[in-house]
């Protein structure tokens, strides 16, 4: 394995707490980060902190032609892409099967599924051609036990898992791997600061998730490709 040093890793949803922590660790490991968000202001603080190896990009990942053009240009300009950590999130609660607002499904479909489809298609060939690429998403433990009040959310997460496992199948025979990491919920530093006495039972700190993402490069691709990893038990 060649590790992360010198690799260009795409982090989508880079302006969120997990995106920031993951970018920080990638840079510390010697990688370069192509940080993607839909708003420039979400990337400004990290760009100021992280320096020249942190490359901020504002991309509307719901616009497939724009995403394809950006992804192809990125791979061409940098001699390929060595990873895609798709951290675009979104959550909506529900009120049961009949009373749920299906507008929530539209939001979740776009944020959790469509953005993944567009980015994975844009970067697929570069990832597959890489010597040791990884694609990963963060999913939910709720997929294993859906509830009526969480139907739209877990359905969208299940679909994103299925897409990722299909990408894993397309990586068969290459040195790339696609992996699903599951959490019940993320715990951010801001959440701890806001509620210092809360226990956050079952929550997974973003630091732990970021560490698990980087650890995907510690094993050969054929050992991790297509795996679903539950971080609540690790």
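In the numbering used here, the protein residues as written are -2 to 231.
Yeah, the Cβ is synthetic: ideal placement off N, Cα and C, and Gly gets one too.
Check: For residue 235 and residue 0, what's the separation of their Cα atoms in angstroms?; Outcome: Residue 235 falls outside the range modelled here, since the chain spans only -2 to 231, and no answer is possible.
Check: Which whole-angstrom value describes the C-beta separation of residue 137 and residue 179, a residue pair presumed to lie in contact below a C-beta threshold of 8 Å?; Outcome: 6 Å
Check: Can you name the start and end residues of the alpha helix (DSSP H) that residue 19 belongs to?; Outcome: 14 to 25
Check: Have a look at residue 81 and residue 56 and give me their C-alpha separation to the nearest angstrom.; Outcome: 15 Å
Check: Tell me which residue opens and which closes the beta strand (DSSP E) that residue 128 is part of.; Outcome: Note, residue 128: premise wrong, no beta strand (DSSP E); not H, not E.
Check: Buried or exposed, going by whether 16 or more other CB atoms sit within 10 Å of the CB of residue 99?; Outcome: exposed
Check: Going by DSSP, which residues form a beta bridge with residue 8?; Outcome: 32, 82
Check: Measuring alpha carbon to alpha carbon, tell me which residue in 16, 42, 225 is nearest residue 140.; Outcome: 225
Check: How far does the alpha helix (DSSP H) with residue 99 in it extend, from its first residue to its last?; Outcome: 99 to 105
Check: In whole angstroms, what is the alpha-carbon distance linking residue 217 and residue 42?; Outcome: 34 Å
Check: If residue 71 sits next to residue 78, beta carbons under 8 Å apart, how far is it from one beta carbon to the other, in whole angstroms?; Outcome: 6 Å
Check: Could you tell me the distance, in whole angstroms, from the CA atom of residue 184 to the CA atom of residue 167?; Outcome: 33 Å
Check: Beta-carbon within less than 6 Å of residue 22's beta-carbon, same chain only, minus the 5 sequence neighbours each way: which residues are those?; Outcome: 207, 211
Check: Quickly, what does DSSP pair residue 133 with across the bridge? List them, please.; Outcome: 82, 176
Check: Can you tell me the Cα-Cα spacing of residue -2 and residue 95, whole angstroms?; Outcome: Low local confidence applies: a pLDDT of 39 at residue -2 is under 50, so the model's placement there is unreliable, and no value is given.
Check: DSSP state of residue 225, grouped into three classes?; Outcome: strand
Check: Given this structure, state the Cα-to-Cα distance separating residue 2 from residue 146, to the nearest angstrom.; Outcome: 44 Å
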